[in-house]
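What follows is a short report on a single structure.
Numbering (full-length UniProt numbering), first residue to last: 1 to 182.
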């Protein structure tokens, strides 16, 4: 059984999925061996981006003023993630924001999920921190564009590939099911 993945990172206007909005998304399709497709876009959040978020991500109101709104990229996101396990570093954060954006449009978004934080804790014990930045530094994974969706998503892809290799998960769907988070 081949399991396909969509490795995703988002940037947002804040930490609350109920009150915040997505400002950027990056998706890398992965077949368990390599990247097979990608999509990345700034997203106009239809609200102001707080200064501290602009400081963190570099994404400003000016940058997103002509970007598509979520409803304009929603179909593409579904196309990129359909039939794939939604993988992210701290997946509950990214997944809740994506689900909430679809809910606002009147749609129910549902995918199986997998968290690279939890996988790393099980497969790579002993790290002082399992944040993406610290884990990547420990493993020698370079992050180009930290706190930007494409940079963080690509770093998550590299981490995910290490985790797949570590446990040969892509050949063992039974083992893979042990790490799925629904």
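Note that CB positions come from ideal geometry on N, CA and C, so glycine has one too.
These numbers were taken from a predicted model, which means no experiment stands behind them.
Legend entry - Rounded distance between the beta-carbons of residue 8 and residue 155, thought under 8 Å: The Cβ separation is near 12 Å, so there is no contact.
Inset, instruction - Determine which residues share a DSSP beta bridge with residue 88 and list them. - result: 115
Legend entry - Residue nearest to residue 4 in terms of C-alpha spacing, selected from 130, 45, 80, 89: 80
Inset, instruction - Below 7 Å CB to CB, which residues in the same chain sit around residue 68 once its five sequence neighbours on both sides are set aside? - result: 41, 43, 44
Legend entry - Check whether residue 159 and residue 123 have beta carbons under 8 Å apart: no
Legend entry - Assigned secondary structure, residue 48 (DSSP; H/G/I helix, E/B strand, else coil): coil
Legend entry - For residue 34, three-class secondary structure by DSSP: coil
Legend entry - C-beta contact flag for residue 120 and residue 163 at 8 Å: yes
Legend entry - Contact belief for residue 114 with residue 85 at Cβ below 8 Å, rounded distance in angstroms: 5 Å
Inset, instruction - Give the DSSP bridge partners of residue 9, in chain order. - result: 26
Inset, instruction - Taking 8 Å as the cut-off, decide whether the C-beta atoms of residue 102 and residue 137 are in contact. - result: no
Legend entry - Contacts around residue 100, its chain only, beta-carbon distance under 8 Å, and the 5 residues preceding and following it disregarded: 17, 18
Inset, instruction - Reducing DSSP to helix, strand and coil, say where residue 196 ends up. - result: The chain is shown only over 1 to 182; residue 196 falls outside these bounds and no answer can be derived.
Inset, instruction - Please decide whether residue 55 counts as near chain C, where near means a Cβ-Cβ distance under 8 Å. - result: In the displayed structure, chain C is absent; only one protein chain is listed.
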